[in-house]
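Heads up: the structure comes next, in structure tokens.
Residue numbers (this note's numbering): 2 to 297.
Take a look at the structure:
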């Protein structure tokens, strides 16, 4: 999840879904309610720790933190110097994951097929949408936080990409760099409200309509393959948090058109190798999960 979150446009929620910890993650997030105060009075810190599945959360966030520390520099370097094999790797990883998750469905019918199509259309429209320019008001910061944090736990949708679409990425980054406590507090409050409310909704849907919800989530992952296509022509740029010009709007090209239009090698064979590596990684995770006892 940490490695995925470093790549703009790739969601850590996708990795959580692939590795089978998505429902556990949602349940842990949902456990942070005012009920914790009562549990603390009755059973102390140990009771609170057990209620929120503290062991799972510590392990998860330790893994995310370790990955960001160890892989962030490598992935950033890959994005700048070798974007085609990097995007190819994630393309293959998501593609085989869709197949893997689709096989886990109990049954498919017309209704679930329609939900899959809706998920594909929703994610695709997000990847090609033109950014808005919301005013950086208190309400919009709260709204942006609540929407972006929801995207972060949805497979295939990046929270930072949602902030870009809302036109709030630069104001939020500016608030972080300037330590604007009041602005960051409003944004954080929106994140907390959005995360708790949306995790309850998703958890309820997975408990009562598991296959239908999974069909929609699989559709989201399919729809974002458009974003991960390795060969692109940049149409416009934005300024990132470091003051650098990075791509904003892009269009997909075939490997052969890429060489003609961009005048850069397509690295087709390297891209295919990276794509196969992503596929093999998911297959290896699937094999390990089948051999690991359930109580692990």
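Note that beta-carbon positions come from the ideal geometry of N, C-alpha and C, so glycine has one too. From a predicted model like this one, the values you see are computed outputs, not experimental measurements.
Does the distance from the C-beta atom of residue i to that of residue j stay below 8 Å?
i: residue 283; j: residue 83; result: no
i: residue 104; j: residue 212; result: no
i: residue 216; j: residue 117; result: yes
i: residue 188; j: residue 220; result: no
i: residue 279; j: residue 92; result: yes
Report all residues from its chain with a CB closer than 8 Å to the CB of residue i; omit the five preceding and five following residues, and keep chain order.
i: residue 31; result: 197, 200, 201 and 204
i: residue 66; result: 3
i: residue 255; result: 232
Do you know offhand how far residue i's Cα is from residue j's?
i: residue 3; j: residue 178; result: 22 Å
i: residue 108; j: residue 115; result: 14 Å
i: residue 143; j: residue 190; result: 7 Å
i: residue 37; j: residue 262; result: 58 Å
i: residue 17; j: residue 184; result: 30 Å
i: residue 1; j: residue 77; result: Since the first residue shown for the chain is 2 and the last is 297, residue 1 is missing from the structure and cannot be characterised.
i: residue 55; j: residue 40; result: 14 Å
i: residue 75; j: residue 47; result: 38 Å
i: residue 123; j: residue 34; result: 30 Å
Looking at the structure shown, is residue i part of a helix, part of a strand, or coil, going by DSSP?
i: residue 287; result: helix
i: residue 136; result: coil
i: residue 253; result: strand
i: residue 235; result: strand
i: residue 128; result: helix
i: residue 61; result: helix
i: residue 210; result: coil
i: residue 34; result: coil
Cutting at 7 Å between CB atoms, please list the residues of its own chain near residue i, excluding the five before and the five after it.
i: residue 163; result: 148, 149 and 152
i: residue 234; result: 251, 252, 254, 262 and 263
i: residue 195; result: 146, 147, 148, 150 and 151
Taking 6 Å as the limit between beta carbons, can you name the residues of its chain near residue i, skipping five residues before and five after?
i: residue 79; result: 87
Problem - Segment contact, 8 Å Cβ cut-off, at least three pairs: the region 220-233 with the region 23-34 - result: Short answer: they don't touch.
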